[in-house]
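The numbers in UniProt numbering rise by one with no breaks, and the one at position 218 of the sequence shown is 218.
A virtual CB, placed ideally from N, CA and C, is assigned to each residue, including glycine.
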Amino acid sequence: MLYSDFKSQVVCDTELTDPFNVSTGVKQGCILSPFLFILAMDWIMKTSTDSERRGIRWTMTMTATTTLEDLDFADDIALLSHRHQDMHEKTKAFSETAGNLGLKVSTKKTKSMRVNARVQDGIKLNGEEIEEVDSFTYLGSKMSNTGDAEVEILARLAKASQAFASLRSTWKAKNISQKIKLRIFKSNVISTLLYGSESWKMTKTISNKLDVFQNRCLRRILNIFWPNTISNEELHRRTETESITTQVQRRRWRWIGHVLRQQTADLSRVALRWTPDGRRKRGRPKETWRRTVEREMKGKGWSWGLLARVSADRHRWRTLVEALCAT
1 MLYSDFKSQV VCDTELTDPF NVSTGVKQGC ILSPFLFILA MDWIMKTSTD
51 SERRGIRWTM TMTATTTLED LDFADDIALL SHRHQDMHEK TKAFSETAGN
101 LGLKVSTKKT KSMRVNARVQ DGIKLNGEEI EEVDSFTYLG SKMSNTGDAE
151 VEILARLAKA SQAFASLRST WKAKNISQKI KLRIFKSNVI STLLYGSESW
201 KMTKTISNKL DVFQNRCLRR ILNIFWPNTI SNEELHRRTE TESITTQVQR
251 RRWRWIGHVL RQQTADLSRV ALRWTPDGRR KRGRPKETWR RTVEREMKGK
301 GWSWGLLARV SADRHRWRTL VEALCAT
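Following this line, the structure appears as C-alpha cells:
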C-alpha cells in the first residue's frame with residue numbers, strides 16, 4: 001500500500017461513479033507514482049537477490065568476486081543465473097517478494113531463455129511452467145540465445161521496410177522536394193532501422209543486406225529505375241548519404257566514447273571488456289562485437305588506455321571517430 005485512504009472514480013455513461021477504495025497500485029497521473037513504483041521495485045530486487053549470490057560472474061578482484069543478478073528498467077526485469085536451480089529459486093523469491101507488495105508476476109508474459117545450458121528442465125512460476133523461447137524482445141531489441149544480432153537486425157529491416165512503405169505517397173509526391181524527402185527518410189526510416197545498432201555484431205552478409213535496403217530505398221525516392229541506373233557511389237553523392245555499414249560503425253564508436261566516460265564500476269563500462277566464464281570451442285574464433293572493435297583499434301594503433309584518455313575530451317573523440325569512419 002503506497003498511499004493511505006486511496007479512492008478512485010470512473011466515468012460511466014458520462015457520469016462519475018461513487019468513490020471506491022483502491023488497496024494496491026499507484027495513482028494514475030500522479031507525479032509521485034513513477035518514483036514510488038521505482039522505490040517499490042528497487043526494494044523487491046534487493047530483498048529477493050541480496051541474501052544469496054545466484055547471478056553470473058561479473059567482476060573479479062584479489063579479494064572478492066561480484067555477480068550480476070539482474071537487469072531492470074521499470075517493470076521489465078531480466079533475471080540472470082549460471083545454474084538452473086539458482087534461476088528457479090531466484091524466480092520464486094522474486095515472485096513471492098513482489099506478492100508481499102501486492103504485485104503479481106504474469107506467467108504468460110514471462111519468458112525463459114537458456115544459452116548453452118546442460119539442464120533442460122523448465123522453470124516454474126506459481127505452479128505453471130514458464131514458456132521457453134530462443135529469442136525475446138527486451139527494451140525494443142530482440143535478444144537471441146545464439147548471442148548474435150541477426151535476429152534483431154532482420155526484425156529492424158522488416159520494421160524499416162514497413163515505415164518506408166507507409167510513406168509511399170510522400171516518395172511519389174511532386175510538390176515535395178528531394179531534400180525534404182531525404183530528411184523524412186532519415187528521420188522515419190533510418191532511425192527505425194538503426195535503433196540499438198551500437199551493439200550489433202556485423203558480418204559481411206548482414207552489412208550487404210543493410211546497404212542493399214538503403215540503396216533500394218534511395219533509388220525509389222530519386223525515381224531511378226531500370227534501365228536508368230547509376231552506381232552506388234553516385235547514388236550516395238547525389239543524396240549526400242553514407243552506407244549503412246559506415247553509419248553503424250560511427251554509432252558504435254560514438255557509443256564507446258560515451259561508455260568510456262562513465263565511472264569504472266558502471267555496468268556498461270564493465271560490460272565493454274567483460275569476458276564470460278567458460279571456454280570457446282576449438283577452431284577459428286567467431287567474430288564478435290568486441291573482436292570487431294579491437295580489430296579496428298589495432299588497425300589504427302590504438303589501445304583501450306589511449307581510448308579512455310581521449311574519450312574524456314569530446315572534441316578529440318569526435319575527431320577520432322570521424323578519422324576512423326573516413327577510411
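key: Span separating the alpha-carbon of L39 from that of K46   = 11 Å
key: R314 versus R261 - alpha carbon distance   = 9 Å
request  = Please go through the same chain and pick out, in chain order, the residues whose beta-carbon is closer than 6 Å to the beta-carbon of K142, but skip the five residues on each side of it.
outcome  = S135, V151, E152, A155
Buried versus exposed, by CB contacts within 10 Å (16 or more), V248 = buried
inquiry  = By DSSP's criteria, Y138 is part of a beta bridge. Which residues make up the other side?
reply    = S141
task = Run through the UniProt domain "Reverse transcriptase" (1-143) for me and flag every whole alpha helix (DSSP H) of 4 or more residues, listed as ranges in chain order.
result = 33-49, 84-100
query = When the Cα atoms are used, what is the spatial distance from L125 to T137?
reply = 20 Å
inquiry  = According to DSSP, simplified to helix, strand and coil, what is M297?
reply    = helix
query = Just how far apart, CA to CA, sit D18 and G102?
reply = 24 Å
task = Keeping to the same chain, check which residues put their C-beta closer than 6 Å to that of V189; ignore five residues upstream and five downstream.
result = A160, A163, F164
ask   = By how many angstroms is the C-alpha of G122 removed from the C-alpha of E129?
value = 6 Å
query = L210: buried (16+ other C-beta within 10 angstroms of its C-beta) or exposed?
reply = buried
query = Counting only runs that start and end within the region 221-288, where is the alpha helix (DSSP H) found for 4 or more residues in a row?
reply = 232-239, 244-260, 267-272
query = Helix or strand or just coil, what does DSSP make of N175?
reply = coil
key: M1 burial status per 10 Å Cβ neighbour count (16 or more: buried)   = Residue placement at M1 cannot be trusted, given a pLDDT of 44 that sits under 50; the coordinates are not used to answer.
inquiry  = How far does the alpha helix (DSSP H) with W304 in it extend, from its first residue to its last?
reply    = 304-311
inquiry  = Among the candidates D75, A158, L306, T229, whose CA atom is the shortest distance from the CA of Y195?
reply    = A158
key: Under the three-state DSSP convention, the category T292 falls into   = helix
Residue from L167, R114, V212, A173 with nearest C-alpha to G147 = R114
message = Given a cut-off of 8 Å on the beta-carbon distance, is the pair Y65 and R54 in contact?
response = Looking at the sequence shown, residue 65 is not Tyr but Thr. Cβ distance not < 8 Å, so T65 and R54 don't count as in contact.
key: Selection from W253, K281, D277, L272 that minimises the alpha carbon distance to R316   = W253
task = Go ahead and label E132 buried or exposed: buried means 16 or more other beta carbons lie within 10 angstroms of its beta carbon, across all protein chains shown.
result = exposed
ask   = When you compare only the Cα positions, how much space is there between P276 and L68?
value = 11 Å
task = Return the CA-CA distance between S207 and S23, expressed in angstroms with no decimal places.
result = 53 Å
key: Contacting residues, own chain, Cβ-Cβ under 6 Å from R269 (five flanking each side not counted)   = V259, Q262
inquiry  = Let's see if you can read the secondary structure: which residues bound the alpha helix (DSSP H) around K159?
reply    = 150-166
task = Helix, strand or coil for A323, going by three-state DSSP, please let me know.
result = helix
request  = Would you kindly check if the distance between the Cβ of F37 and the Cβ of residue 351 is under 8 Å?
outcome  = This structure leaves residue 351 out entirely; the chain is present only between 1 and 327.
request  = Identify whether L182 lies in helix, strand or coil by the three-state DSSP scheme.
outcome  = helix
ask   = What's the C-alpha gap between E322 and E296?
value = 13 Å
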